[in-house]
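S.K.: If you read the sequences in order, they're chains A and B.
Per full-length UniProt numbering, the very first residue in the first sequence carries number 1; after that it's consecutive.
Per full-length UniProt numbering, the very first residue in the second sequence carries number 1; after that it's consecutive.
There are 2 protein chains.
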Amino acid sequence: MTDGQRAAHPTGLRERKKRRTRDALLHAAFDLFTTQGYEKTTVDEIVDAVEVSQRTFFRYFASKEEAAFAIQEAMESYFLAQLRRRPADEAPFDAMRNAVLCAWNSIGEVIEEIATVELHLRMYRMIESTPSLLAAHLRRCSDLENQIALLIAGREGLDVDEDPRPRVAVAAFSGVMRVTGQLWGRGRDGDVDSLRVLTEAYLDQLGPALAGNWRTGTGPV
Amino acid sequence: MTDGQRAAHPTGLRERKKRRTRDALLHAAFDLFTTQGYEKTTVDEIVDAVEVSQRTFFRYFASKEEAAFAIQEAMESYFLAQLRRRPADEAPFDAMRNAVLCAWNSIGEVIEEIATVELHLRMYRMIESTPSLLAAHLRRCSDLENQIALLIAGREGLDVDEDPRPRVAVAAFSGVMRVTGQLWGRGRDGDVDSLRVLTEAYLDQLGPALAGNWRTGTGPV
DNA sequence: TTGTCAACTGTCAGAGGCTGACACTAATCT
DNA sequence: AGATTAGTGTCAGCCTCTGACAGTTGACAA
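1. Of all Cβ atoms in chain B, is any one closer than 8 Å to the Cβ of Val179/A?
2. Give the straight-line distance between the Cα atoms of Ala103/B and Asp189/A, rounded to the nearest whole angstrom.
3. Can you tell me the Cα-Cα spacing of Leu206/B and Gly157/B, whole angstroms?
4. Can you list, in chain order, the residues of its chain whose CB lies under 7 Å from that of Phe57/B, leaving out five sequence neighbours each side?
5. Listed in chain order, which residues of the stretch 177-205 of chain B have Cβ atoms closer than 8 Å to some Cβ of chain A?
6. Taking C-beta pairs closer than 8 Å, name the residues in chain A that Leu134/B reaches, listed in chain order.
7. Can you check whether the CB of Ala99/B is closer than 8 Å to the CB of Leu83/B?
8. Can you list, in chain order, the residues of its chain whose CB lies under 8 Å from that of Val179/B, leaving out five sequence neighbours each side?
9. Taking all protein chains shown into account, decide if Gly181/A is buried (16 or more other Cβ within 10 angstroms of its Cβ) or exposed.
10. What distance in whole Å lies between the Cβ atoms of Arg155/A and Pro92/A, which are believed to be in contact at a cut-off of 8 Å?
11. Report yes if the CB atom of Ile114/A is closer than 8 Å to the CB atom of Tyr78/A, and no otherwise.
12. Name the chain B residues that come within less than 7 Å of Asn213/A, Cβ to Cβ?
13. So, under 8 Å CB-CB, His27/B and Ile71/B are touching, yes? Tell me the CB distance rounded to an integer number of Å.
14. Looking at Leu32/B and Thr21/B, is the spacing between their C-beta atoms short of 8 Å?
15. Name, please, each residue of chain B whose Cβ falls closer than 8 Å to the Cβ of Val168/A.
16. DSSP three-state call for Thr218/A: helix, strand or coil?
17. What span of residues does the alpha helix (DSSP H) with Phe57/B cover, start to end?
18. Where does the unbroken alpha helix (DSSP H) through Val176/B begin, and where does it stop?
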């Protein structure tokens, strides 16, 4: 597989150099962000560590923010790929559910291409606890939601502007995803398996949570 | 009622002056934002229109952003007030549902205290279409979600960290709220009633949307 | 090999958001 | 009326981000 990945960036010296600076910038940024915090890290510090000009940084990343979301970016597109792969006869909600669970099974390898799982956890906590990054994160999730809704509507042959169900189902689904993400970030289990377990458990709570009376029947957790 | 509101800001000359500058800044900001757009409006333009220093603007508002959310702010706290007022025997989801519907019934008057419904619609559209504002908006929604979850958990005597259902239910609920908000912003019906109708219809779709197979039974819309 | 082209980078200058320090004015309290 | 305190203006500066222009270096063909 390592070979397969290398084959994905095979080209000449120029491209390799480019990739190297990008990686260097990313790692310097991750390092500084997680040690001193996002706000307290200036772009100047990052470029000093890599010894390039500030202008170069902004040619690789549209903003300081963008650099902070490299890992998330990879995870999101991996999930989307899994969702596109679901068999057409699965019901919408099941397709979404199975896509995350599949994605979370092998997400570790996706992360390792850029950083480490442990670093990702630290970055994730930083995003959740830095107001401006949290805001950006939520906007990214919202974009993702939109793509999912279009995809689901496509599977069912529906128009998202005509039928409310795609958007409504996706909204409920990704609401739960966010909650599990938060919980994972706050917990002490940093491994990827615990994220999968959490996701499964919480998705199964959607039905009961919307049911009328919580004081009877279905017990908690 | 107008008297009741005046009684809410009764104090001396100093406070009245303060309120006047704040209102003036807000109105100048709304005006410029909706005519030329948020990004293209500089803080200097706003303060020039009111004839105060830039420093003064930043004493009233922590950021240019904050000024853009004054109306949203009022609406959100009004909804929370309605939710707190719901009878204790209502089921969680019903309480949320009824709280919004009640709030949307009289939200017009809340808005009129600051601006007009029409201006609010223009501001809302601007927020949704300006990436940085959309991000901020979503973060605010996320804060609100958190408050709702605590409130609901309190009603049911639960701990949000122990039982997943409060957060899950709130996540699903506010996911739907966002979808309706977006739809209202895109539609041509600018009145507040249409928002109420939309909300009711979409909340009723939550159950069907999560049900297994969309190709049978429940027809669209 | 060499020359041309295109891509990548650095430098410089500047706009715009935002903050701290300090002095000044005007409302409030005694 | 005088002391106190809140609100404001000015100034100086940091940081993110952008445009313009020039220098450098890999790619590619003659």
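The C-beta atom is built at its ideal place from N, Cα and C for all residues, glycine as well.
M.R.: Looking at the atomic coordinates:
1. Mapped onto the first sequence, residue 179/A falls at position 179. Chain B, which has a Cβ nearer than 8 Å to the Cβ of Val179/A, makes this yes.
2. Numbered from 1 along the second sequence, position 103 holds the residue referred to as residue 103/B. Numbered from 1 along the first sequence, position 189 holds the residue referred to as residue 189/A. Spanning the two alpha carbons is a distance of roughly 41 Å.
3. The residue given as residue 206/B occupies position 206 in the second sequence. The residue given as residue 157/B occupies position 157 in the second sequence. Spanning the two alpha carbons is a distance of roughly 25 Å.
4. Within the second sequence, the letter at position 57 stands for residue 57/B. Leu25, Val43, Ile46, Val47.
5. When C-beta distances to chain A are compared with 8 Å, the residues of the stretch 177-205 of chain B below that value are Arg178, Val179, Ala201, Tyr202, Gln205, in chain order.
6. Position 134 of the second sequence holds residue 134/B. The answer, in chain order, is Arg139, Ser142.
7. For this step, residue 83/B is matched to residue 83 along the second sequence. For this step, residue 99/B is matched to residue 99 along the second sequence. The beta carbons of Leu83/B and Ala99/B sit closer together than 8 Å.
8. By 1-based counting over the second sequence, the position of residue 179/B is 179. Exclusion of the five residues before and after Val179/B leaves Tyr202 as the residues of its chain whose Cβ lies within less than 8 Å of its Cβ.
9. Against the first sequence, residue 181/A aligns to sequence position 181. With at least 16 other beta carbons inside 10 angstroms of its own, Gly181/A counts as buried.
10. Translated into the one-based positions of the first sequence, residue 92/A becomes position 92. Translated into the one-based positions of the first sequence, residue 155/A becomes position 155. That pair is a contact at about 7 Å.
11. As a position in the first sequence, residue 114/A is number 114, starting the count at 1. As a position in the first sequence, residue 78/A is number 78, starting the count at 1. In this structure, Tyr78/A does not lie closer than 8 Å to Ile114/A by Cβ.
12. Numbered from 1 along the first sequence, position 213 holds the residue referred to as residue 213/A. Within 7 Å of the CB of Asn213/A, the CB atoms of chain B belong to Ala91, in sequence order along the chain.
13. Counting from 1 along the second sequence, the entry for residue 27/B is found at position 27. Counting from 1 along the second sequence, the entry for residue 71/B is found at position 71. Going by Cβ atoms, the distance from His27/B to Ile71/B rounds to 12 Å, so no, they are not a contact pair.
14. Sequence index remark: in the second sequence, residue 21/B carries index 21 (1-based). Sequence index remark: in the second sequence, residue 32/B carries index 32 (1-based). No, these two residues do not count as a Cβ contact at 8 Å.
15. What you label residue 168/A is simply residue 168 of the first sequence in a count that begins at 1. Per Cβ cutoff of 8 Å: Gly175, Val176, Val179, Tyr202, Gln205, Leu206, Ala209.
16. In the first sequence, the residue the question calls residue 218/A occupies position 218. Confidence in Thr218/A is poor, its pLDDT being 45 and thus under 50, which makes the residue's placement unreliable; the coordinate value appears in the next sentence. Here Thr218/A sits in coil by DSSP.
17. The count along the second sequence starts at 1 and reaches residue 57/B at position 57. In the DSSP assignment, Phe57/B falls within the alpha helix (DSSP H) that extends over 54-60.
18. Locating residue 176/B in the second sequence gives position 176, counting from the first residue. Its alpha helix (DSSP H) spans residues 165-186.
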